[in-house]
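Shown next, in structure tokens, is the structure this report addresses.
2 protein chains.
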Amino acid sequence: MNADEFRRRGKEMVDYVADYLEGIEARQVYPDVEPGYLRPLIPPTAPQEPDTFEDIINDVEKIIMPGVTHWHSPYFFAYFPTASSYPAMLADMLCGAIGCIGFSWAASPACTELETVMMDWLGRMLQLPEAFLAGEAGEGGGVIQGSASEATLVALLAARTKVTRRLQTASPGLTQAAVMEKLVAYASDQAPGSTWGWGGGRVCVWRLQGDYDEGLKSGLLLALQVVATLGTTSCCSFDNLLEVGPVCHKEGVWLHVDAAYAGSAFICPEFRHLLDGVEFADSFNFNPHKWLLVNFDCSAMWVKKRTDLTGAFKLDPVYLKHSHQDSGLITDYRHWQLPLGRRFRSLKMWFVFRLYGVTGLQAYIRKHVQLSHEFEFLVRQDPRFEICAEVTLGLVCFRLKGPNSRNEALLERINSARKIHLVPCHLRDQFVLRFAICSRTVESAHVRLAWEHIRGLAAELLGAEKE
Amino acid sequence: MNADEFRRRGKEMVDYVADYLEGIEARQVYPDVEPGYLRPLIPPTAPQEPDTFEDIINDVEKIIMPGVTHWHSPYFFAYFPTASSYPAMLADMLCGAIGCIGFSWAASPACTELETVMMDWLGRMLQLPEAFLAGEAGEGGGVIQGSASEATLVALLAARTKVTRRLQTASPGLTQAAVMEKLVAYASDQAPGSTWGWGGGRVCVWRLQGDYDEGLKSGLLLALQVVATLGTTSCCSFDNLLEVGPVCHKEGVWLHVDAAYAGSAFICPEFRHLLDGVEFADSFNFNPHKWLLVNFDCSAMWVKKRTDLTGAFKLDPVYLKHSHQDSGLITDYRHWQLPLGRRFRSLKMWFVFRLYGVTGLQAYIRKHVQLSHEFEFLVRQDPRFEICAEVTLGLVCFRLKGPNSRNEALLERINSARKIHLVPCHLRDQFVLRFAICSRTVESAHVRLAWEHIRGLAAELLGAEKE
Chain A
0 MNADEFRRRG KEMVDYVADY LEGIEARQVY PDVEPGYLRP LIPPTAPQEP
50 DTFEDIINDV EKIIMPGVTH WHSPYFFAYF PTASSYPAML ADMLCGAIGC
100 IGFSWAASPA CTELETVMMD WLGRMLQLPE AFLAGEAGEG GGVIQGSASE
150 ATLVALLAAR TKVTRRLQTA SPGLTQAAVM EKLVAYASDQ APGSTWGWGG
200 GRVCVWRLQG DYDEGLKSGL LLALQVVATL GTTSCCSFDN LLEVGPVCHK
250 EGVWLHVDAA YAGSAFICPE FRHLLDGVEF ADSFNFNPHK WLLVNFDCSA
300 MWVKKRTDLT GAFKLDPVYL KHSHQDSGLI TDYRHWQLPL GRRFRSLKMW
350 FVFRLYGVTG LQAYIRKHVQ LSHEFEFLVR QDPRFEICAE VTLGLVCFRL
400 KGPNSRNEAL LERINSARKI HLVPCHLRDQ FVLRFAICSR TVESAHVRLA
450 WEHIRGLAAE LLGAEKE
Chain U
0 MNADEFRRRG KEMVDYVADY LEGIEARQVY PDVEPGYLRP LIPPTAPQEP
50 DTFEDIINDV EKIIMPGVTH WHSPYFFAYF PTASSYPAML ADMLCGAIGC
100 IGFSWAASPA CTELETVMMD WLGRMLQLPE AFLAGEAGEG GGVIQGSASE
150 ATLVALLAAR TKVTRRLQTA SPGLTQAAVM EKLVAYASDQ APGSTWGWGG
200 GRVCVWRLQG DYDEGLKSGL LLALQVVATL GTTSCCSFDN LLEVGPVCHK
250 EGVWLHVDAA YAGSAFICPE FRHLLDGVEF ADSFNFNPHK WLLVNFDCSA
300 MWVKKRTDLT GAFKLDPVYL KHSHQDSGLI TDYRHWQLPL GRRFRSLKMW
350 FVFRLYGVTG LQAYIRKHVQ LSHEFEFLVR QDPRFEICAE VTLGLVCFRL
400 KGPNSRNEAL LERINSARKI HLVPCHLRDQ FVLRFAICSR TVESAHVRLA
450 WEHIRGLAAE LLGAEKE
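As structure tokens, this is what we get:
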């Protein structure tokens, strides 16, 4: 395909994208396909000679779309939102064209420098303490990671390197394995799966300061890190940073704050108090690719001391050296992350922040929060239902009063009907339905329609129970 | 921005992208900017009210482009190629619009199933042993990772989990830390940085089978994994799988084969022999996002036993459960990787494979290899220069005969002149220049021009030395 054909096909694709998103409400939000549906529709091997573009576009509607869960449908209320906006898509087109791999400053200075400045912009929108910003001469700064999981892992490895060096300096004979055996990381029991997923490490639950002290006092263990979660996946609950932060600070334990979903809300002054205590943290992370209109992937991570990251990951083969790297002025982001390669993702932030403006972004967050409260209000009107967790942002946890089996049956009916899509969670042994405001285009009418639909299915279910 | 404005701006962006790539040859391949150039050109905070799209596009030329290293310029011969093609860019637009997060089958069946089938297509193009393919009922299969680093780490963690379980089954009292202390992974001394970067582990160099045996025989150590590299970053050398493979197989040591750059060439029958011995491997990885026209990121990884990965990473909070997951028919790719989230990256593979056809992809690889041999031929004509490593694929390692300082000075002149861009490597204590065929649009004329340019600078340098 040459540039002329790309001009033609690219414009057709722009229209296809706009048509898809404008018409998404009419598509069934959750697909009907069964596992294994796709393989028989596609040849077993790649074609020897090229297919035509028309063939492919026809196959998108015939083969792909019937198997798509439409995350951007206004009837999608599952998981958490994943961001989608036109400005971000335009920026992604530009990112693809430039196609630089920004592992070092020299590999594309604009890619590195725009990222540093955009992370400062975003940090200021959140009123992050100045210590987290790069500025002209700061010791901290921000980096775009691919996911909150990667940010948590990066923070954990940085903390481990720091603790190991400190202990080995104090006791030069100490082996790395002997250090490793003592280390323990702490997280809330509602922390997302990403926090728990790192094989080979030990992660303990803290609920009370008591537990935390006990682990330390046993002497067999050494606190490596505390991961505090702001806005858990199950019910959007918040760890109390003002409680755990000072303890970490006093004990010299690395505090990582993960606000993957909730972080976007902190750009609104009325939600900023939820971030109070972040001043005690060593690292902080949230995902603009969830709720801040920057398409996946864009996970924003800040650290107070960038040398904590570069100390853990520094990697300097000669083919990556460049003349400026020891100047102290530049950032080589490969030392801040696990992969070597990285795309020009800050373009998405730049386009979105400029084309929405802070006011536009705040209005977007507020609209979602308002819609979740509207849903909460509707649920509270119906005595058959109960709200299961405080509604703070865009997530409502609710259930039919009564046994879990009743709620499992309700969810089964909801998702089988295919009109809306929800997923459940467990809260204190209760099976609970999660209603998350997700789509950029969801309006009050969709929320009310979803509620009427749920009420109708609940009435059917309760009627059937009586028979 | 609404759909109508996106239709307009999207089409303008398509033209901008095509103009950029058609005109890239006229842009200076490596930028003139100094570290810190960008911050003064941009306000310190995001705008409160929206900027216009015109403002942004003007700033792209004014602020971004002067700081871009143009990886797709036909005068870019640095690092290794990073893929860029129009079909992949079209697929990325579609991927952005669908915007699903494919962590489970249910989160978007098409996203998961197309990936499995595309990885089978690609595996067959490479004539991978059937054991690596998913097929209808295979135990193996492929997954798209973000980078070769992630694939290496995933393989390492899977191997560690497997070894630990085996040892703990044999000796139930054995602690994880006691196992960890014994484990050692092996890699070639020319393995890429990604292999060496994992803090907390021990990676030893193997050169000879002797070293490898010695490590095992000491009894203090236990071989965890061997990472063999096909096509190293420095000089594109190849570990001998037929030598190391049978040893690993006999000893039950996990063999991971990393062919990040070279792997794409194996779609050509004449280069397939370089992959011989992969039948002994447990996992294999290469990056279509380097040399197979699939824009970053798309790192293809296969395993023979998918349960080795899912055993290490399985993570099942209730909000990610779905009705099909225990059917044995489906794949939840979140168990195959580190992050939870993932984009619909297989669309890029599908578009590229179909719009180029296998024949077109092979022709592309062959053209690059031919151009590197053309450059090698030119270098060999000039008695002042020497070739420093066998030219197998698209990389030529060369230098001026004489001291390293002379070659450092030559590289300095080359990169200061800004007409072409190269990076160096060290081979056996020699400072060597790497000439990598990178751009999709590079032709014989560019290679010859680059060589004349290098010769001219070398003549100047040698002249200055004599003065």
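In order, the protein sequence lines correspond to chains A and U.
Quick note: the first sequence uses numbering that gives the first Met the number 0, first residue 0, plus one each step.
Quick note: the second sequence uses numbering that gives the first Met the number 0, first residue 0, plus one each step.
Even glycine gets a Cβ: it sits at the ideal position worked out from N, Cα and C.
According to DSSP, residues forming a beta bridge with residue i
i                    : result
asparagine 284(A)    : Asp257(A), Met300(A)
histidine 425(U)     : Phe430(U)
glycine 141(A)       : Trp301(A)
cysteine 396(A)      : Arg433(A)
histidine 420(U)     : Phe75(U)
valine 183(U)        : Ala222(U)
glutamate 385(A)     : Arg398(A)
phenylalanine 237(A) : Leu229(A)
Test item: CB-CB of residue i and residue j under 8 Å
i                    : j                 : result
tyrosine 78(A)       : tyrosine 355(U)   : no
arginine 417(A)      : aspartate 50(U)   : no
phenylalanine 102(U) : arginine 341(U)   : yes
glutamine 126(A)     : arginine 365(A)   : no
leucine 410(A)       : proline 423(A)    : yes
methionine 64(A)     : methionine 92(U)  : no
leucine 292(U)       : valine 256(U)     : no
serine 72(U)         : isoleucine 41(U)  : no
valine 67(U)         : histidine 420(U)  : no
proline 287(A)       : alanine 82(A)     : yes
alanine 435(U)       : leucine 394(U)    : yes
phenylalanine 75(U)  : isoleucine 100(A) : no
cysteine 297(A)      : proline 80(A)     : no
glutamine 361(U)     : isoleucine 453(U) : no
phenylalanine 285(A) : alanine 258(A)    : yes
valine 225(A)        : tyrosine 260(A)   : no
tyrosine 363(A)      : threonine 111(A)  : no
cysteine 396(A)      : alanine 388(A)    : yes
aspartate 282(A)     : valine 302(A)     : For the record, residue 282(A) in the displayed sequence is serine; it is not aspartate. Yes.
lysine 347(A)        : alanine 106(A)    : no
Nearest-angstrom Cβ-Cβ length linking residue i and residue j, presumed shorter than 8 Å
i                : j               : result
lysine 181(A)    : leucine 221(A)  : 4 Å
arginine 439(A)  : serine 84(A)    : 6 Å
methionine 12(A) : alanine 150(A)  : Between alanine 150(A) and methionine 12(A) the Cβ distance is about 32 Å, and since that is not below 8 Å, they are no contact.
glutamate 477(U) : arginine 305(U) : Residue numbering for chain U in the displayed model covers 0 to 466; residue 477(U) lies beyond these limits and cannot be assessed.
leucine 37(A)    : valine 116(U)   : 6 Å
For residue i, the three-state DSSP class (helix, strand or coil)
i                    : result
valine 226(U)        : strand
glycine 196(U)       : Low local confidence applies: a pLDDT of 45 at glycine 196(U) is under 50, so the model's placement there is unreliable, and no value is given.
glycine 9(U)         : helix
cysteine 99(U)       : coil
phenylalanine 79(A)  : coil
cysteine 437(A)      : coil
leucine 207(U)       : Any reading at leucine 207(U) is ruled out, since the residue's pLDDT is 40, under 50, leaving its predicted position unreliable.
phenylalanine 343(A) : coil
arginine 201(U)      : Residue confidence for arginine 201(U) is low, a pLDDT of 49 falling below 50, so the modelled location carries little weight; the figure read from the coordinates is stated next. Arginine 201(U): coil per DSSP, three-state reduction.
glutamine 361(A)     : helix
phenylalanine 295(U) : coil
alanine 106(A)       : coil
threonine 151(A)     : helix
tryptophan 70(A)     : coil
arginine 541(A)      : Residue 541(A) lies beyond the residue range present for chain A, which begins at 0 and ends at 466; the question has no answer from this structure.
tyrosine 36(A)       : coil
glutamine 380(U)     : helix
serine 170(A)        : coil
Handout entry: Interface positions of the segment 134-146 of chain A facing chain B (Cβ-Cβ less than 8 Å), listed along the chain
Key = In the structure shown, chain B does not exist; the protein chains are A and U.
Exercise for the section: Could you say if the segment 222-241 of chain U and the segment 123-142 of chain U meet the contact criterion of at least three C-beta pairs nearer than 8 Å? Expected result: no
Problem - At least 3 beta-carbon pairs within less than 8 Å: the segment 329-336 of chain U vs the segment 141-158 of chain U - result: yes
Practice task
Would you be able to state if there are at least three C-beta pairs under 8 Å between the segment 370-390 of chain U and the segment 158-178 of chain U?
Solution key: no
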